[in-house]
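J.: Attaching a single structure in structure tokens format; questions to follow.
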Amino acid sequence: MDSPWEQDPQADFAPEADWAKLSNEFTNSGYREGIIAGKESALQEGFDAGFAHVGVPIGRDLGSMRGVTSAIASFLSSKSQEESTALTMARDISSSLAGVRFSDVAPVDHEAEQHAREHLDASDDPIGQSEELLQKKEMEGLEDMLQRLTACATSRPSQGRPTREDVVRLKEGILALSGQLGLDIIP
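The sequence shown begins at -4 in the numbering used here and counts up by one.
Quick look at the structure:
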């Protein structure tokens, strides 16, 4: 029995191996949880900043402009039975504003695009080709088609998506129209 061949070499080593494996698994798990928590925290901070400094101001401006032009058009159409140049202008501005999407006027987030490029694997879809983005583009295409179908025959043909400069010109048009009508409106 004093022979080394009779002893089980794994008997002494088994608890240490189990402990090392368990310790390694907990370390890896804790590391993953820390990474996830850090990403979620950064994601929430980014969302909050973008919402407060980009989304809300743009949404408020577009909503205010749409409301003002709709109110002016409604007022002018109830005031007179005939089509006036002011009413036509209000309807044109309102129609143009109806075609503006947030994605048309929001600034491009170059940092987010660069980050996405850095983290793409060779097997991933190219940027902009994820299933979610493809569905969004398809929906926007349907919205564009619906707008073309419902646009009145006198409206000018579409020359592409509206830009921030187009929205600035529409805002100037609202200010000119409200000045012409003697209204003190700040859209």
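A virtual CB, placed ideally from N, CA and C, is assigned to each residue, including glycine.
With distances taken Cα to Cα, identify the nearest neighbour of I181 among A107, E138, L82 and R61.
T.: Checking every option, the nearest Cα to that of I181 belongs to R61.
J.: From this set, E106, Q130, D56 and S72, which residue's C-alpha is nearest V100's C-alpha?
T.: Nearest option by C-alpha distance: D56.
J.: Taking G62 as part of the alpha helix (DSSP H), name the residues at either end of that continuous run.
T.: First-last of the alpha helix (DSSP H) with G62: V51 to K74.
J.: Within the chosen definition, does the stretch 77 to 85 reach the stretch 15 to 34 through at least 3 CB pairs nearer than 8 angstroms?
T.: No: fewer than three Cβ pairs fall under 8 angstroms.
J.: Is S89 near the ligand FAD, judged by its Cβ being under 7 angstroms from some heavy atom?
T.: Absence of the ligand FAD from the depicted structure is noted, as is the absence of any ligand whatsoever, leaving it without description.
J.: Give the DSSP-derived three-state secondary structure of D179 in the structure shown.
T.: Coil at D179, not helix or strand.
J.: Return yes when the Cβ of A81 is within less than 8 angstroms of the Cβ of L71, no when it is not.
T.: In contact: L71 and A81 (Cβ atoms closer than 8 angstroms).
J.: At which residues does the alpha helix (DSSP H) containing F97 begin and terminate?
T.: Taken as a continuous stretch (DSSP letters only), the alpha helix (DSSP H) holding F97 covers F97 to V100.
J.: Given a threshold of 16 other Cβ atoms within 10 Å of its Cβ, counted over all protein chains shown, does K166 qualify as buried or as exposed?
T.: Classification for K166: buried.
J.: Taking the beta carbon of W22 as the centre, do at least 16 other beta carbons fall within 10 Å, making it buried, or is it exposed?
T.: The question names Trp, but residue 22 in the sequence shown is Thr. Label assigned to T22: exposed.
J.: Within 10 Å of its beta-carbon, does A85 have 16 or more other beta-carbons around it, so buried, or fewer, so exposed?
T.: Buried: at least 16 other Cβ atoms inside 10 Å.
J.: Which first and last residues belong to the alpha helix (DSSP H) in which E106 is found?
T.: Note, E106: alpha helix (DSSP H), H105 to E113.
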